[in-house]
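Here's the structure, in structure tokens; my notes come after.
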Amino acid sequence: MRDAMRRFCEREIAPFHAAWEDEGVVPRAIWRRAGELGFLCMTLPSEYGGADADFRASAVFSEELARIGASGPGFALQSDIVAPYILHYGTEEQKRRWLPRLASGEIVSAIAMSEPGTGSDLAAVATRARRVDGGYAIDGAKTFITNGVLADLVIVVATTEPGAGSRGIALFLVERGMPGFAAGRPLKKVGLKAQDTAELVFDGVRVGEDAVLGEIGAGFKMLMSELAQERLSIAVTAVAACETALEQTIAYCTQREAFGKRILDFQNTRFTLATLTAKVTMARVFVDRCIELHCRGELDATTAAIAKLETTELQFGVADECMQLHGGYGYMLEYPIARAWADGRVQRIYGGSNEIMREIIGRSLEGSRR
Ligand SMILES: Cc1cc2nc3c(=O)[nH]c(=O)nc-3n(C[C@H](O)[C@H](O)[C@H](O)COP(=O)(O)OP(=O)(O)OC[C@H]3O[C@@H](n4cnc5c(N)ncnc54)[C@H](O)[C@@H]3O)c2cc1C
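Just so you know, the sequence shown maps onto residues 63 to 432 in my numbering.
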């Protein structure tokens with residue numbers, strides 16, 4: 063499976079990724095191709111178009127994408143975040159309607175939590191869903207939404223009871239083309255240049271009862287229960303990105319020379335790479351353990367937060383040190399390490415910022431987690 067994924071990444075993504083970065087978005091055809099090969103939503107049951115696989119299948123695909131620095135296609139968001147919400151909380155009709163098309167890549171999806179005025183404090187969302195005849199009318203704006211430009215289906219987090227905090231949150235399935243729903247152009251970012259991160263606007267968007275995902279008022283609980291997988295998915299990408307950066311840097315330092323010897327032969331280079339290798343090895347073992355726990359349904363929120371926190375901090379540290387060892391070439395975008403440096407930075411910010419991860423871990427300290 064890994065070989066097939068690697069072939070797909072190397073032949074059908076890597077040669078085109080730079081052009082997609084210029085365009086700020088990946089083509090829909092690559093979504094359909096990933097679906098055709100069976101690489102999307104593999105953990106879904108086969109009756110909904112999946113492969114009855116466990117999270118390891120998704121993890122291998124994320125690793126292979128990270129190895130070629132393919133930060134554009136938001137496949138993991140569709141497979142590991144959106145599809146599980148619909149599988150776990152959708153009605154039978156919602157599952158039959160959406161899941162097979164998510165797995166085939168026929169449609170692209172997004173999840174819209176963050177707003178211009180609030181990100182970390184999810185319970186404070188201002189996007190409002192008002193009860194109207196036959197359903198709800200949604201008003202508000204979301205920002206930084208991954209897959210936002212291409213998204214045909216968006217899980218929108220809104221409040222039905224302003225002032226009720228987490229008890230007033232609900233999730234809605236909003237479709238492209240619904241009157242009042244519009245996506246902006248791709249936002250200009252420091253990295254992830256081929257990722258179509260966008261703003262979304264909801265201006266009196268009318269949805270029926272059949273667009274409510276799960277129960278009204280239970281949205282916050284649903285979000286919390288799915289976040290462990292989202293954080294693990296980020297950690298998987300982080301460790302693979304670290305391993306790739308190290309491989310590339312060792313190769314570079316082996317062929318580049320200064321003062322009559324290879325860069326690798328300076329003690330500073332060897333010590334730096336040795337220290338990073340030791341840290342990345344520890345991270346790999348921890349994340350593999352988290353994957354095992356998750357496949358058994360035993361990964362708790364605190365352990366997932368630890369994985370997200372440590373691996374994403376490490377990812378940025380590794381990219382920075384590896385860029386340094388490349389000298390001036392490391393700062394040139396044609397070198398993969400420059401892209402890895404720019405792409406890796408956001409991992410500390412999204413998926414719950416690392417300050418929020420510390421809060422989660424901190425809250426567990428007085429309990430009996432272990
Ligand atoms: C490229 C990209 C893609 C994204 N994709 C999505 C997506 O698909 N869907 C989506 O909904 N969102 C997405 N986001 C949004 C992302 O999840 C938020 O940016 C993130 O949760 C932080 O929220 P904020 O930007 O509003 O920062 P704020 O919440 O305003 O935080 C600002 C700073 O304060 C810190 N802070 C906040 N609260 C606390 C606290 N209690 N204790 C200590 N420090 C705190 C934060 O850690 C941060 O350092 C994406 C963001 C980016 C950049």
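Glycine residues also receive a C-beta, built at the ideal position from the N, C-alpha and C atoms.
Have a look at the DSSP bridge pairing and note the partners of Ser265.
-> Checking the displayed sequence, the identity of residue 265 turns out to be Asp instead of Ser. DSSP, once it has assigned bridges, lists Asp201 as partnering Asp265.
Distance cut 5 Å, beta-carbon to ligand 1 heavy atom: residue list by chain order | Output, sorted by chain position: Met175, Ser176, Gly181, Ser182, Phe206, Ile207, Thr208, Thr259, Val408, Tyr412, Ser415 and Glu417.
Please report how far the alpha carbon of Gly424 lies from the alpha carbon of Arg410, in whole angstroms.
-> So the alpha carbons of these two residues sit roughly 17 Å apart.
Is Ala188 closer than 8 Å to Gly202 when the C-beta atoms are compared?
-> For Gly202 and Ala188, yes; Cβs fall inside 8 Å.
So, are the CB atoms of Glu126 and Arg64 less than 8 Å apart?
-> Yes.
Could you have a look at Ile169 and say whether DSSP puts it in helix, strand or coil?
-> DSSP places Ile169 in coil when its eight states are reduced to three.
From the DSSP output, in three-state form, read off Arg190 for me.
-> Note: Arg190 maps to strand in three-state DSSP.
Where Phe348 falls: helix, strand or coil (DSSP) = If DSSP states are grouped into helix, strand and coil, Phe348 belongs with the helices.
Give the secondary structure of Val408 by DSSP, where H, G and I count as helix, E and B as strand, and everything else as coil.
-> Three-state DSSP puts Val408 in a helix.
Spatially closest choice to Trp160 from Ala220, Ala96, Pro224 and Gly111, by CA coordinates | The option with the nearest alpha carbon to Trp160 is Gly111.
Thr180 by DSSP, collapsed to three states: which one?
-> Of the three classes helix, strand and coil, the one that applies to Thr180 here is coil, per DSSP.
Express the C-alpha separation of Val380 and Leu308 in angstroms, rounding to a whole number.
-> Whole-angstrom Cα-Cα distance: 8 Å.
So Leu215 is in the beta strand (DSSP E); what residue range does that whole segment cover?
-> Run containing Leu215: Leu215 to Thr221, per the beta strand (DSSP E) assignment.
From Gly197, Lys370, Phe70 and Leu99, pick the residue whose C-alpha is nearest to that of Gln291; which is it?
-> For the residues Gly197, Lys370, Phe70 and Leu99, the minimum Cα distance to Gln291 belongs to Lys370.
Check whether the Cβ atoms of Gly367 and Ala128 lie closer than 8 Å to each other.
-> Correcting the residue identity first, residue 367 is Ala in this sequence and not Gly. No.
Please list the segments of the alpha helix (DSSP H) lying wholly inside the segment 302-377, counting only runs of 4 or more residues, in order along the chain.
-> If only complete runs of 4 or more residues are kept, the segment 302-377 shows the alpha helix (DSSP H) at 329-357, in order along the chain.
Which residues does DSSP pair with Leu395 in a beta bridge?
-> Answer by DSSP bridge pairing: none, since Leu395 is not bridged.
Flag this pair as touching only if the segment 396-414 and the segment 253-264 have three or more C-beta atom pairs under 8 Å; answer yes or no.
-> These segments touch.
Taking 7 Å as the line, does the beta carbon of Gly270 fall inside it for any heavy atom of ligand 3?
-> The ligand content of the structure shown is limited to ligand 1, which means ligand 3 is not among them.
Any idea what DSSP makes of Phe206, helix, strand or coil?
-> Correct three-state label for Phe206: strand.
In the DSSP assignment, what residue or residues form a beta bridge with Val236?
-> When beta bridges are read from the DSSP output, Val236 appears opposite Val216.
Residue range of the alpha helix (DSSP H) that Phe117 falls in?
-> Note, Phe117: alpha helix (DSSP H), Phe117 to Arg129.
Taking the alpha-carbon positions, what's the Cys357 to Asp195 distance?
-> Here the alpha carbon of Cys357 sits roughly 43 Å from the alpha carbon of Asp195.
Between the C-alpha atoms of Tyr393 and Ala119, what's the straight-line distance to the nearest angstrom?
-> Cα to Cα, the separation comes out at about 34 Å.
Can you tell me which of Ile418, Met419 and Gln377 puts its alpha carbon nearest to the alpha carbon of Ile399?
-> In terms of CA proximity to Ile399, Gln377 leads the group Ile418, Met419 and Gln377.
Kindly indicate if chain B contains any beta-carbon less than 8 Å away from that of Gly390.
-> You won't find chain B in this structure, because it holds only one protein chain.
Are there 16 or more other CB atoms within 10 angstroms of the CB of Ala226, so buried, or fewer, so exposed?
-> Under this definition Ala226 is an exposed residue.
Best match in Cys384, Gly281 and Ala336 for proximity to Gly152 [C-alpha to C-alpha] = Each of Cys384, Gly281 and Ala336 was checked against the Cα of Gly152, and the nearest Cα belongs to Gly281.
Rounded Cβ spacing between Gly97 and Gly167 (contact assumed at less than 8 Å) | That belief holds up - the Cβ atoms of Gly97 and Gly167 are roughly 3 Å apart, short of 8 Å.
Beta bridge counterpart(s) of Leu275 as assigned by DSSP = In DSSP, Leu275 forms a bridge with Leu233.
Buried/exposed call for Glu305, threshold 16 Cβ in 10 Å | Buried, because 16 or more other Cβ atoms sit within 10 Å of the Cβ of Glu305.
Three-way DSSP call (helix, strand, coil) for Ala91 in this model | In the structure shown, Ala91 falls within a helical segment according to DSSP collapsed to helix, strand and coil.
What's the gap between the Cα of Cys315 and the Cα of His388?
-> Note on geometry: alpha-carbon atoms of Cys315 and His388 lie some 7 Å from one another.
Anyone know if the C-beta pair for Ala3 and Leu262 falls short of 8 Å?
-> One cannot answer for residue 3 here, as it falls past the ends of the chain, which runs 63 to 432.
Beta-carbon spacing of Val88, Pro135 below 8 Å | Taking the C-beta atoms as reference points, Pro135 is found nearer than 8 Å to Val88.
Helix or strand or just coil, what does DSSP make of Gly111?
-> DSSP places Gly111 in coil when its eight states are reduced to three.
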